Amino acid sequence: MRTLITAVVGTALGAALVLAADAAAGKATYDKSCKSCHGADGTANAAIAKGLKVEMKALGSKEVQAKSDADIKKVIVDGQGKMKGYKIANPDDVVAHVRSLKK
Ligand code: HEC
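Okay, so the sequence shown: first residue is 12 according to the working numbering, each after it adds one.
Spelled out as structure tokens, the structure:
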């Protein structure tokens, strides 16, 4: 029994560590590929929005956070409207980082 409990707790801790690592790797990619337009905290760069003549919602806003992980990943990979898709190695990590921007 004790072995089972140790295994369960160990797995939960391991999963938490993996998630944290993903968001950190996602932040690194975000800072490189997304921050110039979407801002460090997900608040859109007003000059970019104006230049593209498009309304950009904050990534931490309710509207954007209401999207599923798959939808956010699709925007990143395939693009949406005036945003082109980005060929990045770790889109799932970036989705994890976008989740961490939730207000
Ligand atoms: C060149 C500027 C630019 C870059 C770089 C960029 N985006 Fe965007 N992004 C936009 C614009 C403009 C929109 C609004 C597109 C539309 O719906 O017309 C947008 C929309 C989005 C949306 C959907 C928001 C909504 O309201 O539906 C998400 C999510 C998003 N971007 C994430 C990212 C991530 C993650 C990256 C980095 C991999 C990234 N973007 C890089 C300009 C950019």
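We put the beta carbon where it would ideally sit given N, CA and C, even for glycine. These figures come from a predicted structure and were not determined experimentally.
Any non-hydrogen atom of ligand 1 closer than 7 Å to residue i Cβ
i	result
Ser111	no
Ser44	yes
Ser47	yes
Gln91	yes
Lys73	no
Lys64	no
Lys85	no
Lys68	yes
Spatially closest choice to residue i from the options, by CA coordinates
i	options	result
Leu112	Lys43, Lys84, Val75	Val75
Leu63	Thr40, His108, Lys95, Ala100	Lys95
Asp80	Asp89, Val109, Tyr97, Lys43	Val109
For residue i, three-class secondary structure by DSSP
i	result
Gly37	helix
Gly90	strand
Lys95	strand
Ala81	helix
Ser118	Nothing can be reported for residue 118: it is not among the residues displayed for the chain, which extend from 12 to 114.
Leu70	coil
Val127	This structure cannot settle anything about residue 127, because the visible part of the chain is limited to 12 through 114.
Check: residue i C-beta below 7 Å from any heavy atom of ligand 3
i	result
Val65	Here the bound small molecules are ligand 1; ligand 3 is not part of this structure.
Inset, instruction - Indicate whether the contact test is met: 3 or more Cβ pairs, each with one atom in the region 45-59 and one in the region 68-81, closer than 8 Å. - result: The region 45-59 makes contact with the region 68-81; the number of CB pairs closer than 8 Å reaches 3 or more.
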